[in-house]
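For the protein sequence lines, the chains are A and B, in the order given. Reminder that position 144 of the first sequence reads as 144 in full-length UniProt numbering, one-by-one numbering, no gaps. Reminder that position 203 of the second sequence reads as 203 in full-length UniProt numbering, one-by-one numbering, no gaps. For glycine and all other residues, C-beta sits at the position ideal for the given N, C-alpha and C. The structure displayed is predicted, hence computed values, not measured ones. Down below is the structure, laid out as structure tokens.
There are 2 protein chains.
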Amino acid sequence: MRTLQVDLGERSYPIYIGGGLLGRAGEFFEQHGLAKKSPVLIVTDDHVAPLYLDTVTKSLSEQGYRVVSKVVKAGEKSKSLEVFEDVMTAAIEGGLDRHSAVVALGGGVVGDLAGFVAASYMRGVSFVQMPTTILAHDSSVGGKVAVNHRLAKNMIGAFHQPKMVLYDVDSLQTLPIREVRAGLSEMVKHGLIWNAAFADWCRQHTADLLALDPEALGYGLTQGCSIKAQVVSVDEREQGLRAILNLGHTLGHALEAIGGYGEFLHGEAISIGMAAAAKLAVNRGRDLSIYEETVSVLKGFGLPTAMPQQHDEHAIIAAMMHDKKFKEQQLVFVLPVEIGKVEIVADVTLDEVRRVIAELKEEGQHV
Amino acid sequence: MRTLQVDLGERSYPIYIGGGLLGRAGEFFEQHGLAKKSPVLIVTDDHVAPLYLDTVTKSLSEQGYRVVSKVVKAGEKSKSLEVFEDVMTAAIEGGLDRHSAVVALGGGVVGDLAGFVAASYMRGVSFVQMPTTILAHDSSVGGKVAVNHRLAKNMIGAFHQPKMVLYDVDSLQTLPIREVRAGLSEMVKHGLIWNAAFADWCRQHTADLLALDPEALGYGLTQGCSIKAQVVSVDEREQGLRAILNLGHTLGHALEAIGGYGEFLHGEAISIGMAAAAKLAVNRGRDLSIYEETVSVLKGFGLPTAMPQQHDEHAIIAAMMHDKKFKEQQLVFVLPVEIGKVEIVADVTLDEVRRVIAELKEEGQHV
């Protein structure tokens, strides 16, 4: 088992990464002093529940915890205020009090939903993350929680740090391959923004990671979480540095939105977004190798890097303008300076974006 | 104009109390550096909007702010997730960004609702309180914001401090007398928990306060806000001391709930709750004069202090058991030690509560 510490003063917390951790949940709860007299609410989805809900419930119960659970439908649609209210109802009916904990057992959707419940139930109770996807190595660290508004993603939320993250890598073995690839997209991102050596390690271990080799996965996830934790420690509430984590996200969120949150997985959308950001940097004078290397590592994981032909630039740009990052006709982008280093620029014009969209559509036709 | 400072480190903020402040809103916004490029959302209700919305909008517009507004129905029913979502829609459609401010123009309901919107829109934007009731001198200070769940009051919320509180006492002149009395109940509470001299001042100035004399109101509200601010400065997130503000609230919230949030105003319910707490303290050995003085000052304001005959003890106790303050068959109560000083006790039994309910029903029959 590997342990990482997210350093946030009195809100600091550990991330445990290893095999068999879900079956030891009760032990970790006790060790972290979570209240035994107050019920624990496990929030999970209907894909994860049949696989791991019993394991976690049994482990907590054996340690003397009273457990209630709420199973939501798998998928982004559960990140709604309606489902949020249902989970709140389960919390109240389950008798949760101010000393209770809410557990997110699942991927990013469950983490965001359960996290916002934990942030706002009785104005905030303890929160524990138990990610079961690769993508969640990103979303489970850093305390950003939210639900969607029908008009925009992640619009209603909070910053609410977990008491701990219990990352059982055994749970990743049941992931569909498409989700594996998409999850590794955020891992690669952490290399591209912060650590060229780690980006290179990802490239060299592409096959091991795609094969879910436990040693490679454990190392890669630890590095990815560690980079995220370092960035968040410096800038918890995204006043500055934290924005570098948005590499690929300006365009990525727009692609997710126009695809109705069903066409692209988040990791696929930001893969295209990272390719676009690299191209934009090159158009602004950076070395062409940045674009070539970015695309090369992503393609190695089977991730898309060309712009989909079926969406026209007007729709993509309109979606970007709804984003939290749009201000006064200019867009904020995270752009690579070199592999392992990025900068935040706030003056990207719509013309520059149009050019990149056209160039990346062109790329698509060569494939 | 009187100015108070709520001392919370980097979340410190001023409370301005005086006449004509709503017409100077733009000036205060500018002075506090609120962003002009980002739209401001004013949330208010259909009682307050016809009286003051134009005044505030005009003042902000003249200072160069772009203003959008959302008018909700007056009353506790607007503190729902449904109305919360409607206000979020207005915020998105109005183009609010991360640098925008949400303004609560109204009483406690509007403050709680708009405050939770400000706390969670894009994970938190600036918040400004413009209270228009006496009761809101309490709710507008301290950063507790929330909406109700159908099963329990204030169940979904956050701690989110405003950038400033702009308290225009002229707006109080249009309040119905029942709301005046109920609002003064929280003012008296601040004396009872913290400052015997202020409790005595309230008793001596009962007539002036009920007549809405500007000088008496200004002084009383400043003292009330000041006591609240002192308590909150010591314990922002209710880990300890802040709980003394709940004098009268354990029973008060139960009475509000069984009355369907329509029978009693909040101030009326906590008036009965404060009488009950004093009686409970006397039953536990405190001097009888505590009960007599508490009841005397409340009755002077025309507030109820006897238990209503129509609700039986089972219903009242069942409602208390849903409260955030109920744990392991015992109730947390704030009890007077003497006038101006209280203690928090966590071991009040249901039998003690039954006795007090019976005794205060008895009082009602003597009236």
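- Rounded to the nearest whole angstrom, the CA to CA distance from residue 8(B) to residue 225(B) is 15 Å.
- Within chain B, no residue has its CB atom less than 7 Å from the CB of residue 244(A), the nearest being about 17 Å off.
- Within its own chain, the residues whose Cβ lies closer than 7 Å to the Cβ of residue 36(A), once the five positions on either side in sequence are excluded, are 64 and 65, listed in chain order.
- Shown here for residue 145(A): same chain residues with a beta carbon closer than 6 Å to its own, the five before and five after excluded, namely 112, 115, 116, 119, 157, 158 and 160 in chain order.
- Residue pairing by DSSP places residue 126(B) opposite 101(B) in a beta bridge.
- For the pair residue 57(B) and residue 138(B), the Cα-to-Cα distance works out to about 25 Å.
- Interface flag for residue 157(B) against chain A is set, since a Cβ pair is found closer than 8 Å.
- Using a Cβ distance threshold of 8 Å, residue 248(A) and residue 277(A) count as a contacting pair.
- Among the residues facing chain A, residue 121(B) is included, as its CB has a counterpart in that chain under 8 Å away.
- Identification of residues in the stretch 78 to 105 of chain B having a C-beta nearer than 8 Å to some C-beta of chain A yields 81, 84, 85, 88, 89, 92, 93, 97 and 98, given in sequence order.
- Using a 10 angstroms sphere on the CB of residue 349(A), the tally of other CB atoms stays under 16, which defines it as exposed.
- When the Cα atoms are used, residue 245(B) and residue 39(B) turn out to be separated by approximately 35 Å.
- According to the DSSP assignment, residue 38(B) belongs to no alpha helix (DSSP H), since it is labelled neither H nor E.
- Looking at the backbone, the Cα of residue 314(B) and that of residue 24(B) are separated by about 51 Å.
- Contact between the stretch 205 to 217 of chain B and the stretch 161 to 178 of chain B is established, with three or more Cβ pairs separated by less than 8 Å.
- Assignment of beta strand (DSSP E) within the stretch 298 to 367 of chain B, counting only whole runs of 3 or more residues, yields 330 to 338 and 341 to 348 in chain order.
- When C-beta atoms of the stretch 75 to 94 of chain A are compared with those of the stretch 122 to 135 of chain B, fewer than three pairs fall below 8 Å, so the two segments do not count as touching.
- The distance from the Cβ of residue 221(B) to that of residue 231(B) is about 16 Å, inconsistent with a contact at the 8 Å cut-off.
- Annotation: the stretch 2 to 57 of chain A contains the following complete segments of the beta strand (DSSP E) (minimum length 3 residues), in chain order: 2 to 6, 13 to 18 and 40 to 45.
- In terms of CA proximity to residue 363(A), 305(A) leads the group 342(A), 305(A) and 229(A).
- For the pair of segments examined, the stretch 290 to 297 of chain B was found to touch the stretch 196 to 204 of chain B: the number of CB pairs separated by less than 8 Å reaches three.
- With a cutoff of 8 Å on beta-carbon distance, residue 181(B) and residue 302(B) are scored as near each other.
- According to the DSSP assignment, residue 219(A) belongs to the alpha helix (DSSP H) that extends over 214 to 234.
- A straight-line Cα-Cα distance of about 49 Å links residue 68(A) and residue 60(B).
- Contacts with chain A at 8 Å (Cβ-Cβ) include residue 149(B).
- Using a CB distance below 7 Å, no part of the stretch 330 to 344 of chain A faces chain B.
- Neighbours of residue 228(B) in chain A, taken as residues at a C-beta separation under 9 Å, are lacking, since the least C-beta distance is about 17 Å.
- Taking 7 Å as the Cβ-Cβ cut-off, the stretch 151 to 182 of chain A approaches chain B at 151, 152, 155, 156, 157, 158 and 159, given in chain order.
- Where residue 152(B) is concerned, the enclosing beta strand (DSSP E) starts and stops at 152 to 159.
- Nearest CB-CB separation between residue 191(A) and chain B: not below the 8 Å threshold.
- At a cut-off of 8 Å, the C-beta of residue 144(B) has a neighbouring C-beta in chain A.
- Of the candidates 267(B), 262(B) and 243(B), 267(B) places its Cα closest to the Cα of residue 252(B).
- Here the alpha carbon of residue 233(B) sits roughly 7 Å from the alpha carbon of residue 6(B).
- In terms of beta-carbon proximity, residue 124(A) lines the interface with chain B, with at least one pair separated by less than 8 Å.
- Per DSSP, residue 68(A) is not a residue of any alpha helix (DSSP H); the beta strand (DSSP E) it occupies stretches across 67 to 72.
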